[in-house]
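Numbering-wise (our numbering), the sequence shown opens with residue 63 and increments by one.
From the three backbone atoms N, C-alpha and C, an ideal C-beta is built for every residue, glycine too.
Computed from a predicted model, the values in this text were never measured in an experiment.
Notes for the one structure printed next.
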Amino acid sequence: MSQPATMFEKIWRRHVVVDRQDGYTLLYVDRHILHDGSFFAFERLKQVGQKVRRPERSFGTPDHYVPTDTRNVAAISDDRQRLLVTSMARHGAETGVTVFDVGDRRQGIVHVMGPEQGITLPGLTMVCGDSHTSTHGALGALAFGIGSSEVTHVLATQSLWQRKPKSMRITVDGQLGFGITGKDVILAIIAKMGAAGAVGHVIEYAGSAIRALSMEGRLTVCNMSIEGGAKAGMIAPDDTTYEYVRGRQFAPKGAAWDAALNQWRSLPSDDGATFDRELSLAGADIAPMVTWGTSPEDAAPITARIPEPSSAPDIAKREGIERALAYQGLTPGTPIDGIKIDRVFIGSCTNSRIEDLREAAKVVKGRKAAVPSWVVPGSGIIKEQAEAEGLDRIFEDAGIEWRHAGCSMCIGVNGETGKPGERIASTSNRNFVGRQGRGVRTHLVSPAMAAAAAVTGTFTDVRKLLPN
Ligand code: SF4
């Protein structure tokens with residue numbers, strides 16, 4: 063009888079083309095997803111006269127550089143940005159790669175588009191030239207980000223040389239408390255294991271609290287795996303996954319669906335499978351989280367205070383906290399609940415899906431925004447759905463800007479940034495120095511916590527505002 067295997071091991075084995083003696087493996091890539099930053103990879107391929115090997119396995123959409131206040135991309139004033147956005151459709155037409163361009167309701171953030179279209183499926187290997195490709199692991203795929211030259215390699219060969227990562231299981235058991243979301247779970251995990259805690263590993267998230275998450279919540283958790291240093295994050299497919307995938311445009315249909323389902327049911331890690339590392343958290347202990355520093359590991363419950371550098375275990379950590387607090391303009395010992403903010407951003411591939419917008423709207427309903435706030439849906443389809451549910455009205459009645467799909471202020475390479483010195487409550491995934499604009503202070507929170515901050519103008523425990 064064969065040894066019990068982890069889900070990661072099973073997917074890896076099924077995709078090995080060849081193992082090289084130096085420890086590298088050529089891995090077959092099932093799906094390649096591309097965004098407007100992939101411009102240079104397409105151009106390099108053309109320069110060397112190569113064709114895209116399997117165009118039907120590649121899908122793209124412009125997201126990083128698209129404006130979210132208009133759909134008129136011809137009016138983008140920056141020549142480079144306009145070129146990157148408008149070239150995507152041309153590259154698609156030249157190579158046969160499917161592109162959901164601006165104006166197509168399926169356009170959106172690449173990590174929102176993939177699952178939404180049924181391009182992301184259990185058991186697949188998936189890559190994209192973006193570190194948050196780990197998002198797709200929420201459906202039981204092995205998905206990870208690659209560099210720009212690797213994007214060219216995958217376009218040309220549909221395969222990729224890789225060293226096999228180690229495996230890690232993070233178990234969150236128990237019931238999550240009232241008002242606690244997938245974002246709070248992953249911030250609590252990263253706070254516990256550190257931003258380098260999972261370097262060199264593929265994480266499998268397990269446990270009853272993970273299983274109870276919706277697909278949106280699971281996508282949020284897997285999205286931020288990279289912020290804990292992991293190569294990828296995965297969750298075993300189950301009925302939540304199958305119900306999410308069923309009927310989506312590129313998902314298998316009819317007899318192919320039955321065959322796929324049969325195969326997907328064999329994916330979860332076998333009983334007795336061992337992981338290189340294990341970590342566990344109690345779901346009931348997790349509170350709404352807020353980051354206070356300049357790394358996603360600098361996260362604390364809303365009920366906590368800004369840490370005292372003197373509490374750090376060593377001098378390097380102490381100096382790190384001092385630097386982070388100096389940048390963030392925060393004083394040790396200040397209660398987090400009540401810190402004033404200047405702006406709110408609800409969006410990004412972490413938290414721009416329909417459930418995220420519903421959670422934010424629940425808090426905003428009947429209240430007014432106290433600071434400038436944006437809601438940027440993850441795709442045109444989510445925008446449509448939110449409008450059909452009246453969520454746009456709730457936001458606009460509160461004075462919150464309702465925008466078009468794109469990455470927007472998550473990274474601001476399209477020019478949508480905060481102002482120097484502004485403190486932003488953001489549902490994105492990175493709070494690095496300058497991530498949302500020069501001198502901008504980013505605090506990562508869930509959509510509900512961002513909405514609470516929008517209507518109060520301060521970090522506020524959302525549990526006080528949520529209807530029971
Ligand atoms: S939303 Fe942010 S993290 Fe996600 S793909 Fe866009 S820029 Fe990257």
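Item	Value
Considering only C-alpha positions, which residue in the set Asp192, Ile456, Ser210 is nearest to Lys293?	Asp192
Find the nearest neighbour of Phe206 within the set Cys284, Ala431, Val438, judged by alpha-carbon distance.	Cys284
Roughly how many angstroms separate the alpha carbons of Arg106 and Thr160, rounded to a whole number?	19 Å
Would you give the residue range spanned by the beta strand (DSSP E) that Glu266 belongs to?	263 to 268
My assumption, with CB atoms under 8 Å, is that Ser470 sits in contact with Gly440. Please give the rounded CB distance.	So it is not a contact: roughly 10 Å between Cβ atoms.
Less than 7 Å separating the Cβ of His466 from some heavy atom of the ligand SF4?	no
Judging by CA-CA distance, which residue of Arg525, Val502, Gly496, Glu156 is the nearest neighbour of Ser508?	Arg525
In the DSSP output, which residue or residues are listed as bridge partners for Ser229?	Val264
Using a Cβ distance threshold of 8 Å, determine whether the stretch 370 to 390 contacts the stretch 331 to 351, with at least three qualifying pairs required.	no
Using the C-alpha atoms, what's the distance from Leu329 back to Ile73?	8 Å
If Thr157 and Pro124 are in contact, beta carbons under 8 Å, what's the gap, nearest whole angstrom?	Their Cβ separation, rounded to whole angstroms, is 15 Å, which puts Thr157 and Pro124 out of contact at 8 Å.
Any heavy atom of the ligand SF4 closer than 7 Å to the Cβ of Val164?	no
What is the DSSP secondary structure of Lys402, counted as helix, strand or coil?	strand
Do Arg455 and Trp436 come within 8 Å of each other at the CB atom, strictly closer than that value?	no
Applying the 10 Å Cβ sphere with the 16-neighbour rule, what's the burial state of Arg231?	buried
Tell me whether the beta-carbon of Ser196 lies closer than 8 Å to the beta-carbon of Ile288.	yes
At a threshold of 7 Å, does Asn491 count as lining the ligand SF4 (C-beta to nearest heavy atom)?	yes
Thinking just about the alpha-carbon of each residue, which of Gly501, Asp81, Glu421 is nearest to the one in Glu278?	Glu421
Trp326 by DSSP, collapsed to three states: which one?	helix
Hey, could you find the ends of the beta strand (DSSP E) Ile95 is sitting in?	93 to 96
Measure the beta-carbon distance from Asp246 to Ile348 and round it to whole angstroms, keeping in mind my assumption that it falls under 8 Å.	5 Å
Take Pro184 as the anchor and find which of Gly290, Asp92, Gly244 has the nearest alpha-carbon.	Asp92
For Thr518, count neighbouring C-beta atoms within 10 Å of its own C-beta (all shown protein chains included) and say buried if the count is 16 or more, exposed if not.	buried
I need the boundaries of the alpha helix (DSSP H) containing Thr148, first residue and last residue.	141 to 157
Counting Cβ pairs closer than 8 Å, one from the stretch 213 to 228 and one from the stretch 84 to 100, do we hit at least three?	yes
Confirm the yes/no value for this check: CB of Ser410, any heavy atom of the ligand SF4, distance under 7 Å.	yes
From this set, Gln109, Gly165, Phe102, Phe121, which residue's C-alpha is nearest Arg142's C-alpha?	Phe102
Beta-carbon within less than 6 Å of Ala313's beta-carbon, same chain only, minus the 5 sequence neighbours each way: which residues are those?	Gly180, Val307
Under 6 Å Cβ to Cβ from Gly262, same chain only, skipping five residues before and after it: list those, please.	Pro227, Lys228
When the Cα atoms are used, what is the spatial distance from Val433 to Ala322?	48 Å
Thinking C-beta only, is Thr303 closer than 8 Å to Leu238?	no
Anyone know if the C-beta pair for Gly244 and Ile265 falls short of 8 Å?	no
Let me check understanding here. Comparing Cα to Cα, which of Ser221, Tyr267, Leu249 lies closest to Asp235?	Tyr267
So, helix, strand or coil for Ser276, using DSSP?	coil
Alpha carbon to alpha carbon, what distance is there between Met351 and Arg503?	16 Å
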